[in-house]
């Protein structure tokens, strides 16, 4: 087990090193002044240029410049945004929690939708109900997330006027930012109408979360359906039936857990899809996350923000993927068995 954790740690370090190297390379490939691409500051005079050049080691060899770049990155000195002039560390710290919050709630809803429906499809395999569920799941998974988002806006916001169109919470609520997660910040605030604020925040969350979770949930339905069908064909299921165990007991004691274990590694792959869809949805609903912030940076040619935003998003996805893989190894006893074990 310790060897496995060491491998994961080594993999994370090497991947992070590769991402930082790519970020460093982008600073040299982007058009414009290299010093401005690294720092985000356009020097006003020669003295300021010399100070920035010393800080970012622009006048040194490329290897020394890279090591200086790494030390500044890991110390939180990421430069400033070319468009706003604000420190990139503060900008990303402000926008990243909104993206994490949207992705987390989308994952929860996807599990709530996908697990029971996927199990039902597997238990009723090759029936009309199974074919219907499978067809709906395929259609949902095939739909572009921006199309779903636009459809929700048209129906639930513009036509029915049930849900707010954009943002995280109404401007009528003055909620101070503490953690960056809107529901937690509401609970931590001194607001007298927390209930109304939470209801308003959930209403703002509803459409973007549904747009992301329906696609991820559809993938989970198909994965779990196949897994349940495979488990039902195992000899120990036939043995349990021969002992007279009820269908519900067989399902909860033998089928559910064993069906979930094989799909955990596949969920690591779905993290990239979920995060990507969440970032796309942010632009549709003006959700103030890192995806919307990155899009604005692209429009404004803010190469410093683009470089650091891409690095942070990629590092987050890699971290979550490795975490899910480690969780799978801890939960699945077969993964904990030594490779040289003998029977």
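Numbering (the numbering used here), first residue to last: 60 to 402.
Think of the CB as a built atom: it goes at the ideal place given N, C-alpha and C, for glycine as much as any other residue.
All figures in this text were calculated on a predicted structure; none of them were measured in a lab.
Return the first residue and the last residue of the alpha helix (DSSP H) that residue i is part of.
| i | result |
| --- | --- |
| residue 349 | 349–359 |
| residue 148 | 147–182 |
| residue 217 | Careful: residue 217 lies outside any alpha helix (DSSP H) and carries neither H nor E. |
| residue 368 | 362–390 |
| residue 295 | 294–301 |
| residue 317 | 315–343 |
| residue 191 | 187–201 |
| residue 304 | Looking at the DSSP string, residue 304 is not in any alpha helix (DSSP H), and its letter there is neither H nor E. |
Is it buried or exposed for residue i, if we count other Cβ within 10 angstroms and need 16 for buried?
| i | result |
| --- | --- |
| residue 160 | buried |
| residue 400 | Legend: pLDDT at residue 400 = 45, less than 50; position of this residue unreliable, no value from coordinates given. |
| residue 87 | exposed |
| residue 203 | exposed |
| residue 69 | exposed |
| residue 50 | In the structure as shown, the chain starts at 60 and stops at 402, and residue 50 therefore has no counterpart that could be examined. |
| residue 137 | buried |
| residue 211 | buried |
| residue 120 | exposed |
| residue 347 | buried |
| residue 167 | exposed |
| residue 193 | buried |
| residue 107 | exposed |
| residue 113 | exposed |
| residue 96 | buried |
| residue 341 | buried |
| residue 402 | Here residue 402 scores only 40 on pLDDT, less than 50, and its place in the model is too uncertain to base an answer on. |
| residue 398 | Unreliable placement is indicated for residue 398, whose pLDDT of 48 sits below 50; no coordinate value is reported for it. |
| residue 76 | exposed |
| residue 158 | buried |
| residue 258 | exposed |
| residue 344 | buried |
| residue 128 | buried |
| residue 329 | buried |
| residue 72 | exposed |
| residue 209 | exposed |
| residue 154 | buried |
| residue 368 | buried |
| residue 171 | exposed |
| residue 104 | exposed |
| residue 91 | exposed |
| residue 140 | buried |
| residue 302 | exposed |
| residue 316 | exposed |
| residue 268 | buried |
Check whether the Cβ of residue i sits closer than 7 angstroms to any heavy atom of the ligand HEM, and report yes or no.
| i | result |
| --- | --- |
| residue 329 | Absence of the ligand HEM is noted for the structure shown, with no ligands found whatsoever. |
If you check the beta carbons only, do residue i and residue j fall under 8 angstroms apart?
| i | j | result |
| --- | --- | --- |
| residue 145 | residue 115 | no |
| residue 327 | residue 283 | no |
| residue 256 | residue 243 | no |
| residue 337 | residue 271 | yes |
| residue 222 | residue 232 | no |
| residue 296 | residue 314 | yes |
| residue 275 | residue 201 | no |
| residue 239 | residue 156 | yes |
| residue 234 | residue 225 | no |
| residue 349 | residue 197 | no |
| residue 362 | residue 83 | no |
| residue 131 | residue 99 | no |
| residue 365 | residue 356 | yes |
| residue 299 | residue 290 | no |
| residue 339 | residue 133 | no |
| residue 324 | residue 387 | yes |
| residue 320 | residue 390 | yes |
| residue 378 | residue 322 | no |
| residue 376 | residue 67 | no |
| residue 227 | residue 260 | yes |
| residue 78 | residue 370 | yes |
| residue 333 | residue 162 | yes |
| residue 277 | residue 199 | yes |
| residue 207 | residue 304 | no |
Could you tell me which residues DSSP puts in a beta bridge with residue i?
| i | result |
| --- | --- |
| residue 139 | 146 |
For residue i, decide whether its Cβ has a neighbour in chain B, counting only Cβ atoms nearer than 8 angstroms.
| i | result |
| --- | --- |
| residue 367 | No chain B is part of this structure, which consists of one protein chain only. |
List, from N- to C-terminal side, the alpha helix (DSSP H) runs of 4 residues or more that fit wholly inside the stretch 68–125. 93–98, 105–115
Enumerated in chain order, which unbroken segments of the alpha helix (DSSP H) with a length of 4 residues or greater are wholly contained in the stretch 212–271? Given a length threshold of 4 residues, each whole run of the alpha helix (DSSP H) inside the stretch 212–271 is given here in chain order: 241–247.
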